[in-house]
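Below is one structure, written out as structure tokens; the observations come after it.
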Amino acid sequence: MLNIVLFGAPGAGKGTQSDLLVEKFKLNHISTGDLLRKEIAEQTELGKKIKSIMDSGALVSNDIVIEMIDNAIAKDTQGILFDGFPRNVAQAEVLDQLMAKHNRSVTCMVQLDVPKDELVRRMLERAKVSGRSDDNEETIKNRLKTYEAETLPVAAYYEKQGKCVKINGLGKVEEISANIIAEVEKR
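Using numbering that gives the first Met the number 0, read the sequence shown as starting at 0 and increasing by one per residue.
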């Protein structure tokens, strides 16, 4: 059973590529961003807390995210594409434990590499289109700093396991997708 972690900086194209991978490999899509935004949209107490955290550019606590992920793994029967998780090495370690708890493992981590100036451009454009309150220039800079300090080390974690697949995130969506699919099919 395929279990893929889709990885990259904010604006790298994870959302776009995740849709294509889910369709190609018939995976369940677990997007922490979607799970978190659902809580916000439903205006639950947790959602209000999450909105405040996300609007500041900070990361939501591990406990909140891990509980949502464990529940999703337990319900899955066909394979998972993790989009936006893990965001730090501690979460990667916990993900390995959660997967083992459910007699599974991460097949590979696909890392989308995109230069910083392109990431900023994409996120500012996305803000115009989607109206996401967490896509403004100050928050974008904070998110990229957080990514570099806390999230980027996750790639090294999976490299040590021989599971990191680096993909150039520049170019046409279809070309990037084809490169990802070719690498995943080798696993």
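Beta carbons: idealized from backbone N, C-alpha and C, even for Gly.
Roughly how many angstroms separate the alpha carbons of residue i and residue j, rounded to a whole number?
i      : j      : result
Ala89  : Lys13  : 21 Å
Asp54  : Glu136 : 12 Å
Val113 : Gly10  : 8 Å
Glu174 : Glu158 : 24 Å
Phe81  : Glu44  : 25 Å
Glu149 : Leu5   : 16 Å
Glu22  : Lys171 : 18 Å
Val59  : Ala177 : 32 Å
Reducing DSSP to helix, strand and coil, say where residue i ends up.
i      : result
Phe84  : coil
Lys127 : helix
Ser30  : strand
Lys13  : helix
Lys162 : coil
Taking the alpha helix (DSSP H) that residue i belongs to, which residues open and close that run?
i      : result
Met67  : Asn61 to Lys74
Gly46  : Glu44 to Asp54
Lys159 : Pro152 to Lys159
Looking at the strands, I want to know which residues DSSP matches up with residue i.
i      : result
Leu5   : Asp82 and Val109
Val119 : Paired residue(s): none; Val119 is not in a bridge.
Could you spell out the range, first to last residue, of the beta strand (DSSP E) harbouring residue i?
i      : result
Lys25  : First-last for Lys25: undefined, no H or E at that position.
Lys140 : Careful: Lys140 lies outside any beta strand (DSSP E), inside the alpha helix (DSSP H) at Glu136 to Thr145.
Leu102 : The sequence given here has Asn at residue 102, not Leu. Taken as a continuous stretch (DSSP letters only), Asn102 belongs to no beta strand (DSSP E), as it is neither H nor E.
Given 8 Å, three or more beta-carbon pairs between the region 69–80 and the region 19–36:
yes
Does the contact criterion of 3 or more C-beta pairs under 8 Å hold for the region 32–46 versus the region 135–151?
no
Inspect the CB distances between the region 43–57 and the region 93–100 and report whether three or more fall short of 8 Å.
no
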